[in-house]
Structures are given as C-alpha cells and as structure tokens.
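For reference, the structure is listed below as structure tokens.
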Amino acid sequence: MLRGFLRGQMSDPAELPDELVISAITLAELSVGPHVAHDDAERGARQQHLQQAEADFDVLPFDGDCARAFGAVAAALRAAGRKPTARAYDALIAASAIAHGVPPVTCNPTDFTGIPRLELRSVNHPHHR
C-alpha cells in the first residue's frame with residue numbers, strides 16, 4: 001500500500017528503493033507527535049500515523065557507524081552555516097542514511113541542505129499537491 005502511495009508522489013517512481021525502511025530517528029520523531037498534540041482528534045491522527053509507519057516499515061537502527069557519520073554531518077552543517085542542533089532529527093536521519101548506504105525519501109529536501117554524500121529521493125507532500 002505505502003509503496004504505491006510513494007510511487008504516486010515521486011517525479012520518477014523508478015527512483016524508489018526496492019526495500020523501504022524507516023530510520024529509528026524518524027520513528028522517534030513521529031513518536032513525539034501524539035504527546036504534543038493540541039486536542040484528542042489531532043492526538044488520534046498522529047497516533048494512527050505512527051502506528052501505520054510502525055506496521056509498514058522495518059526499523060533501520062541507529063548504531064555506532066551512524067554515530068560516527070553524525071560527526072561528519074554536523075561538521076558539514078556548521079561549515080555550510082547551519083546549526084546542526086536546530087535540525088537535530090534531520091542530521092541524525094542523514095547520518096543513519098549515509099552509514100547504511102540508503103537514500104532518504106523525504107517531502108522536505110531543503111531540510112537536508114548542506115549535507116554531502118546524501119542522495120535524497122524527494123516526494124510530494126500528500127497534503128500539499
């Protein structure tokens with residue numbers, strides 16, 4: 001189901017990797033959502049989104065190689081004039097992708113500006129077509 005959805009969001013669906021995974025960092029970021037929701041309806045929607053992600057993807061772990069890659073990502077962001085702490089989740093996701101050799105699929109490619117060695121796959125946001 002998700003693969004078909006993503007194929008419809010990409011300018012070139014052939015760029016979609018054969019195996020789709022979710023970064024442990026992305027899962028952590030999604031896990032914050034239900035806790036910071038403003039009302040029950042939003043909390044329920046965010047919880048459903050989190051549970052769907054957990055059901056659809058295997059989790060790509062954040063390990064020692066990812067931690068070392070993060071050092072290079074943080075240094076590159078600083079060199080580009082960006083603060084790594086301001087986009088900490090994105091920097092950690094990028095480090096995980098680099099360490100595992102997988103291209104991140106994102107609706108927000110500018111979040112990863114200034115990070116070398118990262119081959120992004122950009123998709124349209126489903127609510128902003």
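Residues 1 to 129, numbered by full-length UniProt numbering, are exactly what the sequence shown covers, in order. All residues carry an ideal CB built from backbone N, CA and C; glycine is no exception. Keep in mind the model is a prediction, meaning the values are calculated, not measured.
Next on the checklist: Suppose the cutoff is 6 Å on Cβ atoms and the five residues either side in sequence are ignored; what does the same chain contact list for V73 look like?
Outcome noted: A91, A94, A95, I115
Checklist entry - Tell me which same chain residues have a C-beta within less than 6 Å of the C-beta of F5, skipping the five on either side of it? => result In this prediction, F5 scores a pLDDT of 41, lower than 50, which makes its location untrustworthy; the coordinate-derived value is nonetheless stated afterwards. Exclusion of the five residues before and after F5 leaves no residue of its chain whose Cβ lies closer than 6 Å to its Cβ.
Next on the checklist: Using a 10 Å radius around the Cβ and a threshold of 16 neighbouring Cβ atoms, would you call C66 buried or exposed?
Outcome noted: Its Cβ being crowded by 16 or more others within 10 Å, C66 is buried.
Item to check | Per-residue DSSP class, three states only, for L60 | outcome: strand
Checklist entry - How would you call F112, buried or exposed, if buried means at least 16 neighbouring beta carbons within 10 angstroms? => result buried
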